[in-house]
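So for the sequence shown, our numbering puts the first residue at 465; every next one is plus one. Quick reminder that beta carbons are idealized off the backbone N, C-alpha and C, glycines included. Structure record follows, encoded as structure tokens.
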Amino acid sequence: MKRNPKILIVLLLMAVASCSFTTKSFDDPNKDKVLIDLITYVLNQGHYDAKDVNDEFSKGVYKDYLRSLDGSKRFFYASDIEEFSEYEELIDDYIKSKDISFFDLTYQRLMKRSDESREIYKEILASPFDFDKKEELNTSFEDLDYVDSKKEMKERWRKQLKFSTLINFHDKKEAEEQKKEEDPDYTIKSDEELEKEAREVTLTSLEEYYDFTDDLERKDYFSVYINAIVEEFDPHTFYFAPQDKDRFDMAMSGKLEGIGARLQKKSDNITIMEVISGGPAWRSDELSEGDVILKVKQEDEDEAVSIVGMRLDDAVKLIKGPKDSKVTLTVRKKLLGTIENITLTRDVVEIEETYAKTSMVKKGGKNFGVINLPKFYFDMENYAERNAASDIEKDIVRLKKQGMDGLVLDLRNNGGGSLKTVVDIAGLFIEKGPIVQVKSSGQKKEILKDKDPTVLWDGPLVILVNELSASASEILAAAMQDYKRAVIIGSKQTYGKGTVQNVIDLNRWLRNSNNDYGDLGALKLTTQKFYRVNGGSTQLEGVKSDVVVPDRYSFVDIGEKDMENPLPWDKIDAADYDTWDGYVDFEETIERSKQRMNENKQLKLIEENARWIKTQSDNNVHSLNYAEYSRSAAENKRIAKRFDSLKEYATDLSYTSLPYEKELFVSDTILKEKRDRWHTNLSKDIYIEEALNVLSELKVNNVKRNKVARINN
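This is the structure:
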């Protein structure tokens, strides 16, 4: 399909326009001050709805920053906050004058309080807890006051640690009782033994937490401060430190250059947590989960570098590298305990779960395709590389070869991605026309259109969404809804993110400078708002499903409207478009589906479960008395048992992979296992089941289909 390359201009708008910002000089010798000056300048010049940096702005930054540093209020004292409060309305002035003394004060104080807390938790966990004592813990930390003394601080830690240990203790007691049921000769451990084991689990968790914080450097905390500033503009403007930008690029493209393994730091060891299917480590069959990497040697180096005790990010930098380069790892094998040198050739590793996956299912004598799209991925360096639109196009062609009669596009939990892929995907289902309207601050709207009259799929289409379908997902669902091209099934409304972000490389401003600040990272900046073709924004309101079905998120506050500092909803003029006339009973099919959903006992149980989950999440007061906690846990288990049938629900539908993928299974058993698991989940998915019901009922206008066929030919 031909696509209009000018659409790319919208995505690159800020990259081009920002060249005019470079008239300002950023020449302060202090890197942190340069970063503050540069970021606030870009925000003021390029943000869609730039805010006044004033006292109210300062208060917002102050509140969010302290919450980020100490959300559970177990580090800072009331005296610290009293000292910090002098800066509450001065942060705006400090931003303008490039003064970072407030950050320095809070950072140094946090380091001091963090060191003190190590002694507190070790002392508390050295002694047994009394689970007979009647007391409570309030986990609504926002409502708690800061403590006034070390005694109060120790008491706050004690209650929080006791609660964690109580949970562990309760679980261990239940496990012991289960063992006794299975083996009458088994001797149950004493409460004293179990309490000690429970405390050790809590201690281990804390030590892992402090191992992680020990790896953090001053620059990591400075990023927290920077983000407290930029997120005051809106919840999606975000500063990426250099290593975070790399992770973002990888997440958007779904691939990385390296050995194909996920790593985690445990104590001082860099441990392999997962070997990624298809990557160099997987192909070598020499590395396994649990193996510890001790040293790393590049192919042009004589000596290996020890990574024991190294920060995880620094170790990862040594291990990953460009395609076709070699790296030798000194590894302690988990199973054998031996130490081996393993040489791998790095490659581009595609993270399979990032990409679209496709299945075929038979129902009522018809063949239906199911495509799950986790995100609208693309390569930020080269759009012509693998992307969501090209993958879906290929899969639709494959499905059509298998005689597809209808298509389900599953966008549940899809948080968005590339705007261009949305336009390209939408173009697969309509002849031509506007897909989304984009508006920049102070400029005329731009309409992104599909200009290719060919239609790859002209048959029945259902799109599944939920509360976590956001941004690009909402654009596609909204366009297909406005055109009446697809039936939207899912939550009452989607996430409600109607803004466009562009990632700005902050280093560009300093390329002509003699100062060497190192990598400054990037700023994800909200530069535009997008609107449906009918003129309405998806901001805050999201997309309202044609057929509303409850799910576990139905009563949880997780949408854009529940975020801090969201941009408002508004409306612009509608674009010029014609609705799809390829169905003869579109509205009737929707009404029949609604009626089925209203009468469905399984969905009523799902809604009841969702309401119960909401009450559980709203409960912030917990007993630290074992008997009371145990009674409450037993009652919750009793109630939860009523919802066991939700897990047991299954259909008689059988899902299969497409022929090309079955060929891959011969050499990739991990991929086969993943697909088998997905197909099992699909067979238990009541939402997919209803989507198939709708597809089987949607009647196609054959006059329209013949017309489209002539155009395609």
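Asked                                                                                                                                                      : Found
So L569 packs on L533, CB below 8 Å; how close in whole Å?                                                                                                 : With 8 Å as the limit, L569 and L533 do not qualify as a contact, their Cβ atoms being about 12 Å apart.
May I ask which residues mark the beginning and end of the alpha helix (DSSP H) holding V536?                                                              : It should be noted that the sequence gives Ser, not Val, for residue 536. Looking at the DSSP string, S536 is not in any alpha helix (DSSP H), and its letter there is neither H nor E.
Any idea which residues DSSP pairs I757 with across the strands?                                                                                           : I734 and V795
Kindly give me the distance between the Cβ atoms of G954 and V1013, rounded to whole angstroms, as I take these residues to be in contact under 8 Å.       : 6 Å
Can you name, in chain order, every residue of its own chain whose Cβ lies under 7 Å from the Cβ of Y909, other than the five neighbours on each side?     : This sequence places Lys at residue 909; Tyr is not what is there. So the qualifying residues of the chain are Q901, V902, K903 and I1036.
Whole angstroms are fine: how far does the CA of R538 sit from the CA of D612?                                                                             : 11 Å
State the Cα-Cα distance for the pair M1061 and V1158, rounded to the nearest angstrom.                                                                    : 11 Å
Just mark Y1043 as buried or exposed, buried being the case when its beta carbon has 16 or more other beta carbons within 10 Å.                            : Per the sequence presented here, residue 1043 reads as Thr, with Tyr not at that position. Exposed, because fewer than 16 other Cβ atoms sit within 10 Å of the Cβ of T1043.
Mind checking M617: buried by the 16 CB within 10 Å criterion, or exposed?                                                                                 : buried
Give me the residue from I500, L782 and Y1119 with the minimum Cα distance to Y703.                                                                        : I500
Would DSSP call D749 helix, strand or coil?                                                                                                                : coil
With three or more C-beta pairs closer than 8 Å as the rule, is the segment 543-559 touching the segment 676-684?                                          : no
Beta strand (DSSP E) containing T809: first to last residue?                                                                                               : I803 to T809
Starting from T822, follow the beta strand (DSSP E) in both directions and report where the run begins and ends.                                           : K821 to K827
Please confirm whether V791 and L808 have their CB atoms less than 8 Å apart.                                                                              : yes
Give, in chain order, every unbroken run of the alpha helix (DSSP H) that is at least 4 residues long and sits entirely within the segment 507-567.        : 519-533, 542-548 and 555-560
Under 8 Å, do L1009 and W1033 count as touching if we go by C-beta distance?                                                                               : Strictly speaking, residue 1009 in this sequence is Ser, with Leu absent from that position. Contact: no.
State the beta-bridge partners of G954 as determined by DSSP.                                                                                              : V929 and V1012
For the putative contact between Y1041 and G891, defined by C-beta atoms under 8 Å, what is the C-beta separation to the nearest angstrom?                 : Not a contact, Cβ separation roughly 13 Å.
In terms of residue numbering, what span does the beta strand (DSSP E) encompassing P898 cover?                                                            : G897 to S904
Under three-state DSSP, which class holds R876?                                                                                                            : coil
To the nearest whole angstrom, what separates the beta carbons of V838 and N805, a pair I think is in contact under 8 Å?                                   : Reading the sequence as shown, one finds Pro at residue 838 and not Val. Their Cβ separation, rounded to whole angstroms, is 37 Å, which puts P838 and N805 out of contact at 8 Å.
Assuming L667 contacts L589 under a Cβ cut-off of 8 Å, what Cβ separation, rounded to an integer in Å, is found between them?                              : 5 Å
Rounded to the nearest angstrom, what separates T486 and V694 at their Cα positions?                                                                       : In this prediction, T486 has a pLDDT of 45, which is less than 50 and means its spatial position is unreliable; nothing more can be read from the coordinates.
How big is the Cα-Cα spacing for A1091 and G881?                                                                                                           : 49 Å
For N1073 and R1106, what's the separation of their Cα atoms in angstroms?                                                                                 : 9 Å
Considering only C-alpha positions, which residue in the set M774, Y959 and I771 is nearest to M1027?                                                      : Y959
Determine the DSSP secondary structure at F1019, reduced to helix, strand or coil.                                                                         : coil
Taking Cβ to Cβ, would you say D869 is nearer than 8 Å to N831?                                                                                            : yes
Taking the C-alpha atoms as reference points, what is the distance between E583 and K623?                                                                  : 16 Å
I need the DSSP call for V886, collapsed to helix, strand or coil.                                                                                         : helix
Would you mind listing the beta strand (DSSP E) stretches within the segment 1054-1118 that are 3+ residues and don't spill past its ends, in chain order? : 1085-1087
Buried or exposed: which applies to K821, given that a residue is buried once 16 or more other Cβ atoms fall within 10 Å of its Cβ?                        : buried
So, are the CB atoms of V409 and K787 less than 8 Å apart?                                                                                                 : The structure shown has nothing for residue 409, since the chain only spans 465 to 1177.
Give me whichever residues DSSP pairs with D969 in a beta bridge.                                                                                          : A986
With H, G and I counted as helix, E and B as strand and the rest as coil, what does DSSP make of N846?                                                     : coil
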